[in-house]
Each structure stands twice: as C-alpha cells, then as structure tokens.
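J.: Numbering follows my numbering, in which position 42 of the sequence shown is assigned residue number 216; successive positions increment by one, without gaps.
First the structure, which I've put down as structure tokens, then a few questions once you've had a look.
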Amino acid sequence: MEVIVEKELLHYELLHVLDHGGWLDGLIFQGGTALRLCYGASRLSEDLDFSGGPGFSTNSMGGLA
C-alpha cells in the first residue's frame, strides 16, 4: 500500500510542476489516472497519459518532448 501512496503523491507533484511551468496548456490529460484524479474513478493506473490538444506542437514543450 505504501508504494501506491508514494506513486499517487508523485503524480500530484508531477502535475503540479507541469501546470506551474505552463506545460499543460496545450495538452489533454487522459487515461486511467485522469479518470481517478478528476472524476473519482476507482481504476488504478501507474502512468500519466497526455495527448496534444488543438494547435499543439512539440516545439512548445521546450525540450521535454
């Protein structure tokens, strides 16, 4: 259980850093983790899934892509 809690905290930290860095502006957060964090789904997922939104360019990621 401790490992799951640590992964969840890491998800929150990564999303916080991405949001405050402006990295999420052109991305769509999707997948199991998005369903769990945003809508309370019981599905457990270990990754963060993103898709490029309208007008998204990898150039806007400034070296992260």
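Note that beta-carbon positions come from the ideal geometry of N, C-alpha and C, so glycine has one too.
Quantities reported herein were computed from a predicted structural model and do not represent experimental measurements.
Could you tell me whether the region 224-231 touches the region 195-205, using the rule of 3 or more Cβ pairs below 8 angstroms?
T.: As far as the Cβ criterion goes, the region 224-231 touches the region 195-205, which means the pair count is three or higher.
J.: Specify the secondary structure class of residue 225 as computed by DSSP and reduced to three states.
T.: Taking the first residue of the sequence shown as 1, we reach residue 225 at position 51. Strand, per DSSP.
J.: Using three-state DSSP, classify residue 189 as helix, strand or coil.
T.: Numbered from its first residue, the sequence shown carries residue 189 at position 15. Looking at residue 189 - three-state DSSP - the assignment turns out to be helix.
J.: Tell whether a beta-carbon distance below 9 angstroms holds between residue 189 and residue 211.
T.: Mapped onto the sequence shown, residue 189 falls at position 15. Mapped onto the sequence shown, residue 211 falls at position 37. Yes, these two residues count as a Cβ contact at 9 angstroms.
J.: Between the alpha carbons of residue 235 and residue 186, how many angstroms are there, rounded?
T.: Residue mapping note: residue 235 aligns to position 61 of the sequence shown, counting from 1. Residue mapping note: residue 186 aligns to position 12 of the sequence shown, counting from 1. Their Cα atoms are separated by approximately 20 angstroms.
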